[in-house]
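In the order they appear, the protein sequences are chains Z and H.
Positions in the first sequence are counted from 1; adding 6 to them yields this note's numbering.
Take the second sequence: its position 132, counted from the start at 1, is 116 in this note's numbering, and no numbers get skipped.
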Amino acid sequence: MSFLRIENVGMRFGGLQALDDVSFEVAKGSVLGLIGPNGSGKTTMMNVISGVYKPSAGRVQFAGKTIADVRTHDVCKLGIARTFQIVKPFASLTVRENVAVGAMYGREGSKRSTQQSFERSQELLEIVGLARVGDKAASDLTIPDRKRLEVAKALALDPDVLLLDEVMAGLNATEVDEAIDLIRTVNARGVTLIIVEHLMKAIMSVSTSVVVLAEGKKIAEGLPHEVVASPEVIKAYLGTRFAERQMQLDEIKREVQLAREVEPGAHA
Amino acid sequence: MAKTSAVLRKVGMGGITGNRYAFYISCAILAVLLVVPSLHNGYLENLFRGVLMFATLSLGWNIIGGYTGYVSFGNVVFFGVGATVSSVLWQHYQQQNIVLAIVLAAIVAALMALILGFPILRLKGHYFGIATLGIALATQEIISNIDWLGGGSGFTIRQAGFFSEYYYAMWAICVISLVATWFIARSKFGYALVAIRENEEAAAILGVDATKYKVIAWMISAMMAAAAGSVFAFANGFIDPPTSFAVDNNVFPIVMAILGGVGTVAGPLVGAFVLTAINETLWSKFPQIHTLFFGAVIVLVVLFLPRGILWLLAVRGGFRGFINSLKAYRV
Chain Z
7 MSFLRIENVG MRFGGLQALD DVSFEVAKGS VLGLIGPNGS GKTTMMNVIS
57 GVYKPSAGRV QFAGKTIADV RTHDVCKLGI ARTFQIVKPF ASLTVRENVA
107 VGAMYGREGS KRSTQQSFER SQELLEIVGL ARVGDKAASD LTIPDRKRLE
157 VAKALALDPD VLLLDEVMAG LNATEVDEAI DLIRTVNARG VTLIIVEHLM
207 KAIMSVSTSV VVLAEGKKIA EGLPHEVVAS PEVIKAYLGT RFAERQMQLD
257 EIKREVQLAR EVEPGAHA
Chain H
-15 MAKTSAVLRK VGMGGITGNR YAFYISCAIL AVLLVVPSLH NGYLENLFRG
35 VLMFATLSLG WNIIGGYTGY VSFGNVVFFG VGATVSSVLW QHYQQQNIVL
85 AIVLAAIVAA LMALILGFPI LRLKGHYFGI ATLGIALATQ EIISNIDWLG
135 GGSGFTIRQA GFFSEYYYAM WAICVISLVA TWFIARSKFG YALVAIRENE
185 EAAAILGVDA TKYKVIAWMI SAMMAAAAGS VFAFANGFID PPTSFAVDNN
235 VFPIVMAILG GVGTVAGPLV GAFVLTAINE TLWSKFPQIH TLFFGAVIVL
285 VVLFLPRGIL WLLAVRGGFR GFINSLKAYR V
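See the structure below:
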């Protein structure tokens, strides 16, 4: 059953083909890792899925609707929410007010009063671990806390699908572990996730499947540990020479293995 | 820095709703202004009617320029349209009912903001400001060339009501504008406006229909300016385009909002009161060169009180605290 479907999406900026005929599907309740080297089109894909960009070819289908036909401020009403790689807090508002804006205008927003929006905001701040700084101005937050705030604002929209764009960049090891816990918590609440991340440790530990982009094209798709072992992916990340060396190394290993089997006890 | 901003929030400078002190100060100013007519002093009454008029204009500007962050340099257009509505009502229909004039002026201005808002509120930052300036100049020229609207020579309105009637009318629309701002600042609508000001793209992702709320904000802004203009026409007794579209009516409200505190409920009222007091003092002490001193005061305010007078309430720790806050909050 397809839940969110990306169909032959292409995105062109002048002479730059940022995305080229990319298709994949996201299953309900899954965690999809979207990876690729710098400039491979990951953030562009996030912008297309969240309706910030209209794709120049293909379409994104969600809940029976084509995202490009929906106005940007209505995308969250379909159940899609996102965070920004470069965080965009409402600097002069408090942390609690920031999240409350999402609760006021998101999917369930029209049903909530101002008071109820602030109550919802408080709940979410507790989930993401920001309750202690709820009354601070958003501009006074540390970088990890700003990332948490982005997540809380997105969750305030009551989404079915949450796009996380590099929420772990710039975090230290402990903070990354906390962020991974947060992602698991959110997923456990039934939210489907699409994660763009450079940090392989995070991708490997939370993703149920991985899509790899390189130069705007999809080059691999599958289970996390399978995808990272594929020569195509290694080539994209580390260059042709490294990939060839890696393959030669694999070959040698295989020959050694073979030799062991042919001559048992030879190395014993 | 974190501490400073927490304190600032308490007086509503970092936030949007204002605070207790700002509320007391507003009440005190409005109470003082209410007793002015009973002094039977024509000079004071004229002066303070000006304060109320500029406060209303400034409150109107604050909705679009302060809360929404779209700095309009052309809100005088709605003031001028309001004044024209009153003078046309008198000239052609022998109507001098203030309430009717205010309501009609507000409706005309709101419709104008609605029609103009959709194209020009798509412009960001300075471009919006330039467009509004253009609209103000164009509208003045249009009215100057239509005789039915008074043309270049304008209309004289015979003052039939007793003079203080207009004073009380101005006081009432100022209070209504202030209360409206207070309600807006606490509402979901107010939060949408501030979200648009802080980051329009992020606001849209959170479901805020930016175009819709910007246009509504400008309509409210226009209604306040038009109401002030319609009462001004009756009180002044004579309306022609240079009077109603005066540069002062355009610039003073912006300076007042900045002086009192941009994006705060009480800022414009406090700013209007203080700036008029400064202007009047300078004028009486230095009749020849008062504009020079006045300009210097404005520059000093921008340099040392960038967040407005209400901000001073939040500063703790004497002079050192003032300097530290200044460093943290330099615009």
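Just so you know, even glycine gets a beta-carbon here, dropped at the ideal spot from N, CA and C.
Everything numeric in this text was worked out from a predicted model, so none of it was measured.
H:Leu266 carries a helical assignment under DSSP once its states are collapsed to helix, strand and coil. In this structure, the straight-line span from the alpha carbon of H:Val254 to that of H:Val239 is close to 12 angstroms. The beta carbon of H:Val69 sits closer than 7 angstroms to those of Ala85, Leu88, Ala89, Val92 and Ser214, all from its chain and outside the five residues before and after it, given in chain order. Counting only unbroken stretches of 4 or more residues, the alpha helix (DSSP H) elements lying wholly within the stretch 157 to 218 of chain H are 172 to 182 and 184 to 189, in sequence order. Counting the other Cβ atoms within 10 Å of the Cβ of Z:Asn178 gives fewer than 16, which makes it exposed.
Each of H:Leu243, H:Gly58, H:Pro290 and H:Ser71 was checked against the Cα of H:His110, and the nearest Cα belongs to H:Gly58. Looking at the DSSP output, Z:Thr198 sits in a beta bridge with Z:Val167.
Under DSSP, Z:Lys224 forms a beta bridge with Z:Leu219.
Z:Glu184 is not bridged by DSSP to any residue. For Z:Ala162, same chain residues with a beta-carbon under 7 angstroms away, outside a window of 5 residues either side, are Val105, Gly108, Ala109, Gly112, Arg126, Ser127 and Leu130 in chain order. Contacts with chain H (Cβ-Cβ distance below 9 angstroms) from the stretch 48 to 59 of chain Z involve Ser56, Gly57 and Val58, listed in chain order.
One alpha carbon belongs to H:Ile282, the other to H:Ile262, and they sit about 10 angstroms apart.
Around the CB of H:Phe257, 16 or more other CB atoms lie within 10 Å, so the residue is classed as buried.
Around the Cβ of H:Phe288, a 10 Å sphere holds fewer than 16 other Cβ atoms; the residue is exposed. For Z:Ala160, the uninterrupted alpha helix (DSSP H) run begins and ends at Ile149 to Leu161, by DSSP. Contact between Z:Val32 and Z:Leu25 does not hold, since the beta-carbon distance rounds to 16 angstroms and is not under 8 angstroms. Cα atoms of H:Arg304 and H:Leu284: separation of roughly 19 angstroms, rounded to the nearest angstrom.
For the stretch 52 to 82 of chain H, the full-length alpha helix (DSSP H) segments reaching 4 residues or more read 60 to 77 along the chain. In the assembly as shown, Z:Lys142 is a buried residue. Its beta-carbon has 16 or more other beta-carbons within 10 Å.
Pairing H:Leu98 with H:Met203 gives a Cβ-Cβ distance under 7 angstroms.
Secondary structure at Z:Glu257: helix, using DSSP grouped into helix, strand and coil. Restricting attention to H:Ile307, H:Asn220 and H:Lys269, the CA atom closest to the CA of H:Phe139 is found in H:Asn220. Legend: CB atoms of the stretch 184 to 198 of chain H lying less than 8 angstroms from CB atoms of chain Z belong to residues Glu185, Ala186, Ala187, Ala188, Ile189, Leu190, Gly191, Val192, Asp193 and Ala194. Exclusion of the five residues before and after Z:Gly35 leaves Gly196 and Thr198 as the residues of its chain whose Cβ lies within less than 7 angstroms of its Cβ.
Counting only the Cα atoms, Z:Ser56 lies some 54 angstroms from Z:Glu267.
Per DSSP, the continuous alpha helix (DSSP H) segment holding Z:Glu103 begins and ends at Val101 to Tyr111. For H:Ile238, the enclosing alpha helix (DSSP H) stretches over residues Val231 to Gly244. DSSP places Z:Asp80 in the uninterrupted alpha helix (DSSP H) bounded by Thr78 to Leu84.
Three or more beta-carbon pairs separated by less than 8 angstroms are not found between the stretch 18 to 34 of chain H and the stretch 243 to 250 of chain H, which leaves the two stretches without contact.
Judged by beta-carbon spacing, Z:Arg152 lies within the 7 angstroms limit of Z:Val93, meaning their Cβ atoms are closer than that value.
For Z:Thr120, the nearest CB of chain H lies under 7 angstroms from its own CB, placing it at the interface with that chain.
Under the Cβ distance rule, Z:Lys71 does not count among the residues neighbouring chain H, no pair being separated by less than 7 angstroms.
For the pair Z:His231 and Z:Thr72, the Cα-to-Cα distance works out to about 32 angstroms. Proximity of chain H to Z:Lys117 at the Cβ level (cut-off 9 angstroms) is not reached, the minimal Cβ distance being about 12 angstroms. Listed in chain order, the non-local C-beta contacts of Z:Ala97 below 8 angstroms within the same chain comprise Ala143, Ala144 and Ser145, local neighbours out to five positions each way being set aside. Nothing from the stretch 265 to 278 of chain H brings a Cβ to less than 7 angstroms from some Cβ of chain Z.
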